[in-house]
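Adding 8 to a residue's 1-based position in the sequence shown gives its number in this note's numbering. Notes follow the structure.
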Amino acid sequence: MYRVEIISNQSVQEDITERLEEEIPSIQYTLIPEVQGRGIRTKKSGDTIWPEMNFVLFTYVELEEAKKIKEIVEAVKTRFPNEGISLFFTKAEEI
Numbered sequence: 009m010y011r012v013e014i015i016s017n018q019s020v021q022e023d024i025t026e027r028l029e030e031e032i033p034s035i036q037y038t039l040i041p042e043v044q045g046r047g048i049r050t051k052k053s054g055d056t057i058w059p060e061m062n063f064v065l066f067t068y069v070e071l072e073e074a075k076k077i078k079e080i081v082e083a084v085k086t087r088f089p090n091e092g093i094s095l096f097f098t099k100a101e102e103i
């Protein structure tokens with residue numbers, strides 16, 4: 009099992025969640041819709057100086073679904089190359 013974490017600009021949140029739900033109908037995930045932080049290129053603070061915000065989505069899936077999520081995120085990154093989309097995988101074990 010893998011923990012998959014997506015951290016991205018809110019502008020592509022719907023694109024990512026819709027694709028996940030369409031291509032992995034059984035997916036269950038947690039979404040934190042307004043996340044502040046600083047990445048490689050810019051800050052996201054939701055204020056007048058740094059008005060944008062990120063979101064975080066995480067889910068726990070098996071290997072095949074993790075591979076599918078990687079394909080989905082890569083497709084969205086290709087479509088929106090300037091939006092700052094990060095994807096992380098961690099081996100997870102249910103206890």
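Where a beta carbon is used, it is the ideal one built from N, C-alpha and C, also for glycine.
Can you grab the Cα-Cα spacing for the pair residue i / residue j, in whole Å?
i, j, result
"Pro89", "Glu82", "10 angstroms"
"Glu42", "Glu60", "9 angstroms"
"Thr67", "Thr86", "22 angstroms"
"Tyr10", "Phe96", "10 angstroms"
"Glu70", "Thr56", "41 angstroms"
Taking the alpha helix (DSSP H) that residue i falls in, what are its first and last residues?
i, result
"Val81", "Leu71 to Arg87"
"Ile24", "Gln21 to Glu31"
Mind checking which residues open and close the beta strand (DSSP E) that includes residue i?
i, result
"Glu60", "Looking at the DSSP string, Glu60 is not in any beta strand (DSSP E), and its letter there is neither H nor E."
"Thr56", "It is not in any beta strand (DSSP E) - Thr56 carries neither H nor E in the DSSP assignment."
"Ser16", "Tyr10 to Asn17"
"Glu42", "Thr38 to Val43"
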